[in-house]
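Undergrad: The opening residue of the sequence shown carries number 1 in full-length UniProt numbering; numbering runs sequentially from there. For every residue, glycine included, the Cβ atom is placed at its ideal position computed from N, Cα and C. No experiment lies behind these values; they were computed from the predicted model shown.
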Amino acid sequence: MTKPATFFTPMSTYEAHAYDFFRTKTIHQLPGSSWTMNWERLALQAGHYEPAITHAAIALGSIHRAVSAATPGSSSSPTGSPGAMTDHVVDRDRRFFALCQYNKALGLIRRYIEALGNGGTNRDVEVVLLVSLLFFCFEILVNEDDRATLHLRTGLRILYEKVRKLDEYRSPAREVDVEGQEKRVVRIQTRPRTNLDVLLQTFVRLDGDLTIVGDEEPYLFPVCHEKIPSSFFCLEEAMVHLDAIATAAHGVCRDIVMLADRELVMNRPEVDILDEDMRNCLACAYSRTISVPKEHQVRLDKIKSDVNAWMAALACWSVTDGKQPALLLTQINFFYTWFLVMSWRDENEMLIDRFDSQFEHILALIEQYIHAHGGFVGQEDMVLQAEHFPTTRQAFTVGTDVVPCIGMIAYKSRNSRTRRKGLRLLRAINLAGVFDAHYLVAFGQAVCDLEEEHARAINNIPEGVDLECHQVPEEARLVEIELGVTEPCEMRSSFYKDDAGRLIYAYYKDLESRELAVAAKPFIVNRTPNSQGADPLSPFELAITD
Numbered sequence: 001m002t003k004p005a006t007f008f009t010p011m012s013t014y015e016a017h018a019y020d021f022f023r024t025k026t027i028h029q030l031p032g033s034s035w036t037m038n039w040e041r042l043a044l045q046a047g048h049y050e051p052a053i054t055h056a057a058i059a060l061g062s063i064h065r066a067v068s069a070a071t072p073g074s075s076s077s078p079t080g081s082p083g084a085m086t087d088h089v090v091d092r093d094r095r096f097f098a099l100c101q102y103n104k105a106l107g108l109i110r111r112y113i114e115a116l117g118n119g120g121t122n123r124d125v126e127v128v129l130l131v132s133l134l135f136f137c138f139e140i141l142v143n144e145d146d147r148a149t150l151h152l153r154t155g156l157r158i159l160y161e162k163v164r165k166l167d168e169y170r171s172p173a174r175e176v177d178v179e180g181q182e183k184r185v186v187r188i189q190t191r192p193r194t195n196l197d198v199l200l201q202t203f204v205r206l207d208g209d210l211t212i213v214g215d216e217e218p219y220l221f222p223v224c225h226e227k228i229p230s231s232f233f234c235l236e237e238a239m240v241h242l243d244a245i246a247t248a249a250h251g252v253c254r255d256i257v258m259l260a261d262r263e264l265v266m267n268r269p270e271v272d273i274l275d276e277d278m279r280n281c282l283a284c285a286y287s288r289t290i291s292v293p294k295e296h297q298v299r300l301d302k303i304k305s306d307v308n309a310w311m312a313a314l315a316c317w318s319v320t321d322g323k324q325p326a327l328l329l330t331q332i333n334f335f336y337t338w339f340l341v342m343s344w345r346d347e348n349e350m351l352i353d354r355f356d357s358q359f360e361h362i363l364a365l366i367e368q369y370i371h372a373h374g375g376f377v378g379q380e381d382m383v384l385q386a387e388h389f390p391t392t393r394q395a396f397t398v399g400t401d402v403v404p405c406i407g408m409i410a411y412k413s414r415n416s417r418t419r420r421k422g423l424r425l426l427r428a429i430n431l432a433g434v435f436d437a438h439y440l441v442a443f444g445q446a447v448c449d450l451e452e453e454h455a456r457a458i459n460n461i462p463e464g465v466d467l468e469c470h471q472v473p474e475e476a477r478l479v480e481i482e483l484g485v486t487e488p489c490e491m492r493s494s495f496y497k498d499d500a501g502r503l504i505y506a507y508y509k510d511l512e513s514r515e516l517a518v519a520a521k522p523f524i525v526n527r528t529p530n531s532q533g534a535d536p537l538s539p540f541e542l543a544i545t546d
């Protein structure tokens, strides 16, 4: 047995061995990318002399060991279906010990939180934030995604209250959206020098990722005041600049959608009968064609310029291993932002076909990235039971754009083979504790089926024949899509645990007049192995004329 590490915090032998499991095993299996999340730098250094962090780490290591010891076939499914983790498949003694350590860490962290009420030091903030992150990981491992998000949001609030008072993180320029709401701007460093710098980067990436499945915008608005260099010093520097570019891109796009919604309400009052999901989908479609104020056009042009400068700087960076996961992840994240920026104002969906070769290339990179994390994608003609899939590390895509990038390609490519590969990639990712891959696949399949059925009817193409992009005419294409809940629920964030969902989509009902329509089509989530997940049901639609 490996000798446990030496601690400044007194602990029992059982606690010491549990922490050692965290140090040697769990630290390499935590959610997200260990490269972008900086787990080793943050947790291992502080865990030796901060009791609250030590016991939170022991709790996390213990629950990880309990989950790992669960019998094969009873643990979390590769796709992360709701209910995959149940008490009877987890070692009860380790689970009880983990919960005791969790509660011990909660008790210890209270004095740090009380200190924050009186100002507190940077060290007090760092301890609270790191414990919040460890609790976030703990809840993900036991599939308590709502509680995981709660810990993240608590950490974000505490982090912002601290950094907004510090000159090195405060931005001199205020950012205000079109409704006059001031954004929580924080300045991020390309080369972090302190633990607070690293924590800020980590929270920014988690904040941006967890909002993609809902309708909330990120809590923080990170900016980078450093000029994009002619060549990046390292990939970490490249990712920080990309974080800032992505935030700016999503921010201006959201502002334009808000302008579009305002214009829709003035010109077409009947939109008031739409629910929130349908109205937002329609506003997104409408935002492609509205005239935008000069200020917003300047922002869009600046972002496009930054994207090009970033791409040139990465091209000049010396690549030593083109298949290393960090480089793959950087390229995937960049493509997701680049596609958003370059296609946002495309009025004609046929223009998306110009990205088709890039779609195939990026999916190939994503497949390499999944394989590097133990996942198995498989070929189209392979039929395997889900429990036989080698699964990726749980929630390893948290804090990255991997999942939204796959979804975007599956939704936007009109090549049947490309779409199917995208859905296979989604199935190969263990989303337990974060989302449900079955739900995402069912939604994606519903999008593909709706467009391809329409295209086949127009061109008289039989079932079973793959479609190329040029065989899906514009009248068969959806302009915008959105995930919608089937009925209002108290925890809107948990909609993907249902057995049904709604595909909300906007399209041109009349191409000549560019008459927009919005529709809602239910889909069924089939969580049996190898399920496609979508059943055809009748849509409801409402036409809105531009």
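For a quick check, are the C-beta atoms of Val223 and Arg187 less than 8 Å apart?
TA: For the purposes of this step, residue 223 is taken as the residue at position 223 of the sequence shown. For the purposes of this step, residue 187 is taken as the residue at position 187 of the sequence shown. It is a contact, given that the beta carbons lie within the stated cut-off.
Undergrad: With a threshold of 7 Å on Cβ separation, who are the neighbours of Trp338 within its own chain once the five nearest residues in sequence on each side are excluded?
TA: Residue numbering aside, residue 338 sits at position 338 when the sequence shown is read from its first letter. Excluding residues within five positions, the ones whose Cβ falls inside 7 Å are Val307.
Undergrad: In whole angstroms, give me the CA-to-CA distance for Leu363 and Met11.
TA: Counting from 1 along the sequence shown, the entry for residue 363 is found at position 363. Counting from 1 along the sequence shown, the entry for residue 11 is found at position 11. Roughly 48 Å between the two C-alpha positions.
Undergrad: Taking only the alpha-carbon atoms, compute the straight-line gap between Ala442 and Phe136 and give it to the nearest angstrom.
TA: On the sequence shown, residue 442 is found 442 positions in, with the first residue counted as 1. On the sequence shown, residue 136 is found 136 positions in, with the first residue counted as 1. The alpha-carbon atoms of Ala442 and Phe136 are separated by roughly 27 Å.
Undergrad: Give the DSSP bridge partners of Ile524, in chain order.
TA: Here residue 524 is taken as the residue at index 524 of the sequence shown, counted from 1. In the DSSP output, where bridge partners are listed per residue, Ile524 has Ala500.
Undergrad: Between the beta-carbon of Arg94 and the beta-carbon of Ser132, is there less than 8 Å?
TA: In the sequence shown, counting from the first residue as 1, residue 94 sits at position 94. In the sequence shown, counting from the first residue as 1, residue 132 sits at position 132. No, these two residues do not count as a Cβ contact at 8 Å.
Undergrad: Tell me whether the beta-carbon of Leu200 lies closer than 8 Å to the beta-carbon of Leu159.
TA: Locating residue 200 in the sequence shown gives position 200, where the first residue counts as 1. Locating residue 159 in the sequence shown gives position 159, where the first residue counts as 1. Yes, these two residues count as a Cβ contact at 8 Å.
Undergrad: Consult DSSP for Tyr19 and reduce its assignment to one of helix, strand or coil.
TA: Position 19 of the sequence shown holds residue 19. Three-state DSSP puts Tyr19 in a helix.
Undergrad: Measuring alpha carbon to alpha carbon, tell me which of Lys25, Asp124, Tyr14 and Thr36 ends up nearest Phe203.
TA: Here residue 203 refers to the residue found at position 203 when the sequence shown is read from its first residue. Cα-wise, what sits closest to Phe203 is Thr36.
Undergrad: When DSSP builds the beta bridges, which residues end up paired with Val223?
TA: Along the sequence shown, one-based indexing puts residue 223 at 223. Arg187.
Undergrad: Could you compute how far the alpha carbon of Val360 sits from the alpha carbon of Ala517?
TA: Reading the sequence shown from its first residue, position 360 is the one you call residue 360. Reading the sequence shown from its first residue, position 517 is the one you call residue 517. The amino acid occupying residue 360 in the given sequence is Glu; Val does not appear at that position. Spanning the two alpha carbons is a distance of roughly 30 Å.
Undergrad: Of all the options Glu226, Ser231, Val271 and Asp209, which has the alpha carbon lying nearest to the alpha carbon of Ala246?
TA: On the sequence shown, residue 246 is found 246 positions in, with the first residue counted as 1. The residue with the shortest Cα to Cα distance from Ala246 is Asp209.
Undergrad: Kindly give me the distance between the Cβ atoms of Tyr102 and Leu156, rounded to whole angstroms, as I take these residues to be in contact under 8 Å.
TA: In the sequence shown, residue 102 corresponds to position 102, counting from 1. In the sequence shown, residue 156 corresponds to position 156, counting from 1. In fact, because the Cβ distance is near 21 Å, the residues do not count as touching under 8 Å.
Undergrad: Do Leu431 and Ala372 have their beta-carbon atoms positioned less than 8 Å apart in this structure?
TA: Numbered from its first residue, the sequence shown carries residue 372 at position 372. Numbered from its first residue, the sequence shown carries residue 431 at position 431. The answer is no: Cβ separation not under 8 Å.
Undergrad: Could you tell me which of Asn195, Met311 and Ala249 sits nearest to Ser231, measuring between CA atoms?
TA: The sequence position of residue 231 within the sequence shown is 231, counting from 1. Ranking Asn195, Met311 and Ala249 by Cα distance to Ser231 puts Met311 first.
Undergrad: Are there 16 or more other CB atoms within 10 angstroms of the CB of Pro293, so buried, or fewer, so exposed?
TA: In the sequence shown, counting from the first residue as 1, residue 293 sits at position 293. Label assigned to Pro293: exposed.
Undergrad: What residues match up with Ile481 in a beta bridge as DSSP calls it?
TA: One-based indexing of the sequence shown puts residue 481 at position 481. For Ile481, which the question treats as bridged, DSSP gives the partners Tyr505.
Undergrad: With the cut-off set at 8 Å, would you say Ile366 and Ile332 are in Cβ contact?
TA: Locating residue 366 in the sequence shown gives position 366, counting from the first residue. Locating residue 332 in the sequence shown gives position 332, counting from the first residue. Result yes, Cβ atoms of Ile366 and Ile332 sit closer than 8 Å.
Undergrad: With DSSP as the reference, label residue 549 as helix, strand or coil.
TA: With the chain covering only 1 through 546, there is no way to say anything about residue 549.
Undergrad: Rounded to whole angstroms, what's the CA-CA distance from Tyr507 to Val176? Just pull it up for me.
TA: Counting from one through the sequence shown, the residue named residue 507 turns up at place 507. Counting from one through the sequence shown, the residue named residue 176 turns up at place 176. Cα to Cα, the separation comes out at about 31 Å.
Undergrad: Output needed for Arg288: all residues of its chain with C-beta closer than 6 Å, excluding positions within five of it in sequence on either side, in chain order.
TA: The residue given as residue 288 occupies position 288 in the sequence shown. Around Arg288: Arg345 and Glu347.
Undergrad: Which residues in the same chain have their Cβ closer than 8 Å to the Cβ of Arg254, if we skip the five residues on either side of it in sequence?
TA: Counted from its first residue, the sequence shown places residue 254 at position 254. The answer, listed in chain order, is Asp177 and Glu217.
Undergrad: Can you have a look at Ala29 and say buried or exposed, based on whether 16 or more other CB atoms are within 10 angstroms of its CB?
TA: Locating residue 29 in the sequence shown gives position 29, counting from the first residue. Residue 29 is actually Gln in this sequence, not Ala. It is buried - the Cβ of Gln29 has at least 16 other Cβ atoms within 10 Å.
Undergrad: With distances taken from CA atoms, which of Leu314, Leu300 and Leu329 is nearest residue 556?
TA: Shown here, the chain extends from 1 to 546; a query on residue 556 therefore has no answer.
Undergrad: Should Ala69 go down as buried or exposed, given a rule of 16 or more other Cβ atoms within 10 Å for buried?
TA: Reading the sequence shown from its first residue, position 69 is the one you call residue 69. Exposed, since its Cβ has fewer than 16 Cβ neighbours within 10 Å.
Undergrad: Could you pull the DSSP bridge partners for Val128 from this structure?
TA: Sequence index remark: in the sequence shown, residue 128 carries index 128 (1-based). Paired residues: none, contrary to the question.
Undergrad: If I measure Cβ to Cβ from Ala66 and keep anything under 7 Å in the same chain, skipping five residues before and after, which residues do I get?
TA: Residue mapping note: residue 66 aligns to position 66 of the sequence shown, counting from 1. Taken in chain order, the residues that qualify are Val90, Asp91, Arg94, Arg95 and Ala98.
Undergrad: So, helix, strand or coil for Glu182, using DSSP?
TA: Taking the sequence shown and counting its residues from 1, the one referred to as residue 182 is at position 182. If DSSP states are grouped into helix, strand and coil, Glu182 belongs with the strands.
Undergrad: Identify the residues that DSSP records as bridge partners of Val176: which are they?
TA: The residue given as residue 176 occupies position 176 in the sequence shown. Glu182, per the DSSP bridge assignment.
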